[in-house]
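In our numbering, the protein residues as written are 475 to 724. All residues carry an ideal CB built from backbone N, CA and C; glycine is no exception.
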């Protein structure tokens with residue numbers, strides 16, 4: 475889509491459709507991460523932005539001209555297979571080179587890096603983010619919260635994590651957040667971002683629990699600096715409930 479657009483509704487005959495691709499739902503969709511696609515589509519539509527959602531299975535070629543690409547979580551075997559097929563396909567690398575947005579969760583986040591471990595074997599990642607993942611001594615399960623990089627201008631991260639990996643960031647990326655509860659990458663930082671690529675361990679789905687993050691992805695994809703506000707009463711209640719639950723455990 476073009477940059478510096480103004481929404482809501484584009485003029486008839488001049489519509490620019492926001493294309494959202496969900497990558498390999500047959501392999502990487504263990505934790506309800508399809509919700510991220512639904513949230514993005516709905517928040518765009520409520521602002522008058524036409525949306526096309528595309529689910530690309532692992533036996534299909536990945537389109538290279540979409541605006542946003544989503545990768546979800548999965549078990550070790552599907553994660554390794556997904557990485558192999560994405561590397562062989564090459565489409566995501568071409569899309570990133572053209573400026574597309576990528577949002578990846580858990581296993582999808584790990585495979586954006588240089589390497590990760592699946593079933594005890596070191597596997598090659600897509601090397602789109604300067605990071606690598608190995609196995610932790612314990613599994614990270616529970617609420618995940620953190621203060622997001624202030625440059626992104628977002629409220630604290632809220633989510634649920636369930637993973638056995640530990641992710642180590644290189645100088646080419648920035649942490650998405652500093653952990654206040656949970657493990658995230660390694661107990662100090664959570665997630666990573668560079669340019670229009672962003673990864674996290676947060677499920678929930680992440681964009682349902684973090685609508686401002688969803689809007690950030692939409693702004694990146696559309697080139698809009700500010701989107702019209704939406705009624706986020708429900709999500710704010712959920713976020714407040716989770717904050718209260720964490721405070722009660724402290």
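What do you reckon, are the CB atoms on residue 597 and residue 675 nearer than 9 angstroms? Sequence index remark: in the chain shown, residue 597 carries index 123 (1-based). Sequence index remark: in the chain shown, residue 675 carries index 201 (1-based). Contact flag unset, no.
Let me confirm a value: residue 640 is counted as buried when at least 16 other C-beta atoms fall within 10 Å, else exposed. Which label applies? Here the question's residue 640 lines up with position 166 in the chain shown. Around the beta carbon of residue 640, a 10 Å sphere encloses 16 or more other beta carbons of the protein chains shown; the residue is thus reported as buried.
If you compare alpha carbons, which of 616, 577, 593, 589 is closest to residue 691? Here residue 691 is taken as the residue at index 217 of the chain shown, counted from 1. It is 577.
With distances taken Cα to Cα, identify the nearest neighbour of residue 549 among 513, 636, 529, 600. If you number the chain shown from 1, residue 549 lands on position 75. Restricting attention to 513, 636, 529, 600, the CA atom closest to the CA of residue 549 is found in 636.
Any idea what DSSP makes of residue 659, helix, strand or coil? Here residue 659 corresponds to residue number 185 of the chain shown, with the count starting at 1. DSSP places residue 659 in coil when its eight states are reduced to three.
Counted within 10 angstroms of its Cβ, other Cβ atoms place residue 662 as buried (16 or more) or exposed: As a position in the chain shown, residue 662 is number 188, starting the count at 1. Classification of residue 662: exposed, given that the 10 Å Cβ count is below 16.
What did DSSP end up calling residue 578 once you bin it into helix, strand or coil? In the chain shown, residue 578 corresponds to position 104, counting from 1. In the structure shown, the three-state DSSP call for residue 578 is strand.
Answer with buried or exposed for residue 482, where buried requires no fewer than 16 other C-beta atoms within 10 angstroms of its C-beta. One-based indexing of the chain shown puts residue 482 at position 8. Confidence at residue 482 is low in this model, with a pLDDT of 47, below 50, so the placement of that residue is unreliable and no value is reported for it.
Pull up the distance between the alpha-carbon of residue 504 and that of residue 702, whole angstroms please. In the chain shown, counting from the first residue as 1, residue 504 sits at position 30. In the chain shown, counting from the first residue as 1, residue 702 sits at position 228. Computed Cα separation, rounded: 32 angstroms.
Roughly how many whole angstroms lie between the Cα atoms of residue 486 and residue 681? Here residue 486 is taken as the residue at index 12 of the chain shown, counted from 1. Here residue 681 is taken as the residue at index 207 of the chain shown, counted from 1. Any answer about residue 486 is weak, because its pLDDT of 34 lies below 50 and its placement is not dependable; what the coordinates show is given next. Straight-line Cα distance between these residues: approximately 30 angstroms.
Pick helix, strand or coil for residue 540, following the three-state DSSP scheme. To locate residue 540, count along the chain shown from 1; it is residue 66. Three-state result, residue 540: coil.
Residue of 495, 496, 666, 708 minimising C-alpha distance to residue 583: As a first step, residue 583 must be located in the chain shown, where it is residue number 109. The option with the nearest alpha carbon to residue 583 is 666.
Cα separation between residue 575 and residue 542? Residue numbering aside, residue 575 sits at position 101 when the chain shown is read from its first letter. Residue numbering aside, residue 542 sits at position 68 when the chain shown is read from its first letter. Taking the Cα positions, residue 575 is about 5 angstroms away from residue 542.
Rounded to whole angstroms, how far is the Cβ of residue 589 from the Cβ of residue 606, which I believe are closer than 8 angstroms? By 1-based counting over the chain shown, the position of residue 589 is 115. By 1-based counting over the chain shown, the position of residue 606 is 132. Between residue 606 and residue 589 the Cβ distance is about 5 angstroms, and since that is below 8 angstroms, they are a contact.
Please report the distance separating the alpha-carbon of residue 724 from that of residue 509. Mapped onto the chain shown, residue 724 falls at position 250. Mapped onto the chain shown, residue 509 falls at position 35. Cα-Cα distance, rounded: 30 angstroms.
Would DSSP call residue 642 helix, strand or coil? On the chain shown, position 168 is the one that residue 642 refers to. Looking at residue 642 - three-state DSSP - the assignment turns out to be strand.
Cα-Cα, which of 496, 507, 594, 559 is closest to residue 529? For the purposes of this step, residue 529 is identified with residue 55 of the chain shown, where counting begins at 1. The residue with the shortest Cα to Cα distance from residue 529 is 496.
Since I believe residue 599 is in contact with residue 587 (beta carbons under 8 angstroms), could you give me their beta-carbon distance rounded to a whole number of angstroms? The count along the chain shown starts at 1 and reaches residue 587 at position 113. The count along the chain shown starts at 1 and reaches residue 599 at position 125. So it is a contact: roughly 5 angstroms between Cβ atoms.
First and last residue of the beta strand (DSSP E) that includes residue 523? Looking up residue 523 in the chain shown gives position 49. That residue, residue 523, is in no beta strand (DSSP E); it is neither H nor E in DSSP.
Residue 572 versus residue 539: straight-line alpha-carbon distance, rounded: Position 98 of the chain shown, counted from the start, is the residue given in the question as residue 572. Position 65 of the chain shown, counted from the start, is the residue given in the question as residue 539. So the two alpha carbons sit approximately 8 angstroms from each other.
For the candidate residues 618, 515, 559, 507, whose alpha-carbon lies nearest to that of residue 492? On the chain shown, position 18 is the one that residue 492 refers to. For the residues 618, 515, 559, 507, the minimum Cα distance to residue 492 belongs to 515.
According to the neighbour-count rule (16 or more other Cβ atoms, all chains shown, within 10 Å of its Cβ), is residue 664 buried or exposed? Here residue 664 refers to the residue found at position 190 when the chain shown is read from its first residue. Taking all protein chains shown into account, residue 664 has 16 or more neighbouring C-beta atoms within 10 Å of its C-beta and is therefore buried.
Residue 525 and residue 519 - do their beta-carbons sit closer together than 9 angstroms? Taking the chain shown and counting its residues from 1, one reaches residue 519 at position 45. Taking the chain shown and counting its residues from 1, one reaches residue 525 at position 51. Closer than 9 angstroms, so yes.
Start and end residues, alpha helix (DSSP H) containing residue 621: Residue numbering aside, residue 621 sits at position 147 when the chain shown is read from its first letter. Per DSSP, residue 621 belongs to no alpha helix (DSSP H); it is in the beta strand (DSSP E), 605 to 622.
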